Amino acid sequence: MINDRIIIGKVIGAHGVRGEVKVFPITDNVRRFTKLKKCYLVTDNGTVKQEMSVKSSRVDRENALVTFEGCDDRDKALLLKGLLVAVDRDDAVKLPKGEFFIVDLIGLSVIDEKLGELGKIDDVYETGAGHHILSVKRKGKKDLQIPFLKTICIETDIEQGIMKVILPDGLYEIYE
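Take a look at the structure:
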């Protein structure tokens, strides 16, 4: 499934009194915010609230501090708290071959070389241990939680909508 927009952050609060917002980055490179000219503020369910022009942006430790055109005081900045920051796919950072946007993994059919089709990816979680977990939705059964590792997820074809996996011994049985 190819989405038109890529989520790159979440507004977590106001910074100062001049309308600057603090954005928690949902990207590998927080510095990408320093080149941001335009973005969309989006709700958790994907509804675009508004298109925003970026007046200025900078990095403060692990967060981005962004000032939007028309957002010139703390009260206006606080109204944006909780909204997601998205960019057009064409404006997204170009990824190296073999890397994917997490949003593009959602909806892929997961196929194990021995068990066949397992279900569809419906969520991706970050573990903090250097890898992600794929949540695979199955009809009438518990969701599978599969580590997103090259040794397990051996092939990903976004265009075909499939991910081929080799599950470690015993992983499937845990969820039966």
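With the numbering used here, you'll find the sequence shown wraps up at 160, consecutive numbering, no jumps. Virtual Cβ for every residue (Gly too), placed ideally from N, Cα, C. The model shown is predicted, which means the values in this text are computed figures rather than measured ones.
Can you say whether I(-14) is buried or exposed, counting buried as having 16 or more other CB atoms within 10 angstroms of its CB? With a pLDDT of 48 at I(-14), under the threshold of 50, the modelled position of that residue is not reliable, and the figure given next carries that caveat. That one is exposed.
What is the DSSP secondary structure of L89, reduced to helix, strand or coil? Residue state, collapsed to three classes: helix.
The segment 88 to 100 contacting the segment 64 to 76, beta-carbon criterion three pairs below 8 Å: Contact between the segment 88 to 100 and the segment 64 to 76 is absent: fewer than three C-beta pairs spanning the two stretches fall below 8 Å.
Please tell me whether K39 and F52 are closer than 9 Å, where the distance is taken between their beta carbons. yes
Is the Cβ-Cβ distance between V77 and R16 less than 9 Å? Between V77 and R16, the gap from beta carbon to beta carbon is short of 9 Å.
Of all the options F132, M147 and G30, which has the alpha carbon lying nearest to the alpha carbon of G112? F132
Would you mind listing the beta strand (DSSP E) stretches within the segment 34 to 98 that are 3+ residues and don't spill past its ends, in chain order? Counting only unbroken stretches of 3 or more residues, the beta strand (DSSP E) elements lying wholly within the segment 34 to 98 are 47 to 52, 68 to 72 and 93 to 96, in sequence order.
Please name the residue, chosen from G145, D72 and D12, that lies closest to V26 on a Cα-to-Cα basis. D72
On a CA-only basis, which of T135, D106 and F85 is nearest R122? Give me that one, please. D106
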